[in-house]
Amino acid sequence: MNLLHHNSSSDSPESKPRLLVTGASGLLGLNLAVQLKDAYHVIGVYNKKQLQQVPFDLIQGDFFIEGTAERMIAEARPDAIIHCAAMANIDACEKNPLMARQINGEIPGEIASLARKHKIRLIHISTDAVFDGLDCGEEGYHEEDQTNPINVYAQTKLLGEQNVLDQNPEALVARVNFYGWSVTQSRSLGEIFFHNLAEKKTMMGFTDVFFCTLYVQNMVRILDQLIQMDASGLYHVFSSDFQSKYDFGVSIARRFGLDASLISPVSWKDSGLTAKRSPNLIMNTDKLHRLLGENLPTQKDCLEDFYQAYQDGLPELLKQIGLQ
1 MNLLHHNSSS DSPESKPRLL VTGASGLLGL NLAVQLKDAY HVIGVYNKKQ
51 LQQVPFDLIQ GDFFIEGTAE RMIAEARPDA IIHCAAMANI DACEKNPLMA
101 RQINGEIPGE IASLARKHKI RLIHISTDAV FDGLDCGEEG YHEEDQTNPI
151 NVYAQTKLLG EQNVLDQNPE ALVARVNFYG WSVTQSRSLG EIFFHNLAEK
201 KTMMGFTDVF FCTLYVQNMV RILDQLIQMD ASGLYHVFSS DFQSKYDFGV
251 SIARRFGLDA SLISPVSWKD SGLTAKRSPN LIMNTDKLHR LLGENLPTQK
301 DCLEDFYQAY QDGLPELLKQ IGLQ
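In structure tokens:
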């Protein structure tokens, strides 16, 4: 039975389902908390980067301290958890593999075990990088396709997936790739292209790296639906189509009226990046499409929503929240 039905924004905090969002100062975590604050009593978890003037509750939690996960669950008393917290900097993971393993691989399993113990719905956020991007086939990677992570970040995120579903088969693991507006204005590729082009700075755009990135607010809407549906298992949560990172940057430039010629088309092999990247991450979303019974957003849809959020002042709102 689904116990997490939410009604209207006029509900009192006591009558709303309680949602615990880890990584609340990150791009996805903050957008989740802000976007769902009317439907849920949101409790965000932060570590060192405390937010200010947020329209939801906050809990400080350092997952490196034993017992933190159990304490925050006891304090928040959530009906559902969306675990966004991760060590996501790919090069930093290469330099600190043990830290990456604990944050991305082991802590998710601990949270999953506690969620199962306390009968709390859990969505764990993973990544498309668990695939090597060398052979996605004509249909793109399906959920059940063989994974082959090629860097420490991807290896530890895959371990996290496995630990979550081993500890809690009723949990949902969402593989994602997303962009949007963040509190630091530099957390996503979309923001990076926008701000650099607005300042007339030159950039590289990879012509041979393909992805199905989803605008973060579209992703929040889908994750909310998955909570409502009491879904479990492994799902690909992406746009319904794909493009290269170069074309992604050019499309942003054109939509915002910026100079697309500032973006140089290059190969990722010539980038000088420390960690290996998966070049062709075209993902199959048929399973999610069948579950939701609706078409997933296209790259064009996502760009339009990203642009509209800018027009509506979302970047300024997030900037005011800020980090202490």
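Numbering (full-length UniProt numbering), first residue to last: 1 to 324.
Don't be surprised by glycine CBs; every beta carbon is placed ideally from N, CA and C.
Source: prediction; values computed, not measured.
message: I need the straight-line Cα distance from P279 to D128, nearest angstrom please.
response: The alpha-carbon separation between P279 and D128 amounts to approximately 11 angstroms.
task: Give the single residue among A260, G109, F238 and G313 whose Cα lies nearest to the Cα of C302.
output: Of A260, G109, F238 and G313, the residue nearest in Cα terms is F238.
task: Can you give me the Cβ contacts of Q320 inside the same chain, cut-off strictly under 8 angstroms, excluding the 5 residues immediately before and after it?
output: Correct list, in chain order: Q53.
field: Beta carbon of T156 nearer than 9 angstroms to that of M87
entry: Remark: C-beta atoms of T156 and M87 approach each other more closely than 9 angstroms.
message: Please state the DSSP three-state secondary structure of I65.
response: Of the three classes helix, strand and coil, the one that applies to I65 here is coil, per DSSP.
query: Grouping DSSP H, G and I as helix and E and B as strand, with all else coil, what is M219?
result: Residue state for M219 is assigned as helix, using DSSP reduced to three classes.
task: Could you say which of A85, L58, Y235 and A92 lies nearest to A76 if we only look at CA atoms?
output: If we check each option's Cα against that of A76, L58 comes out closest.
query: Where does M229 land, buried or exposed, given buried means 16+ other C-beta within 10 angstroms?
result: Under this definition M229 is an exposed residue.
message: For L32 and Y40, what's the separation of their Cα atoms in angstroms?
response: About 11 angstroms.
message: With the cut-off set at 9 angstroms, would you say F248 and T213 are in Cβ contact?
response: For F248 and T213, yes; Cβs fall inside 9 angstroms.
query: Quick one, are the C-beta atoms of L296 and G233 less than 9 angstroms apart?
result: Contact flag unset, no.
- request: Tell me, please, which residues DSSP counts as bridged to Q60.
  value: Its beta-bridge partners are Y46.
message: Please return the same chain residues whose Cβ sits closer than 6 angstroms to the Cβ of T207, not counting the five positions on each side in sequence.
response: In its chain, beyond the 5 residues on either side, S244, Y246 and P265 have a beta carbon closer than 6 angstroms to the beta carbon of T207.
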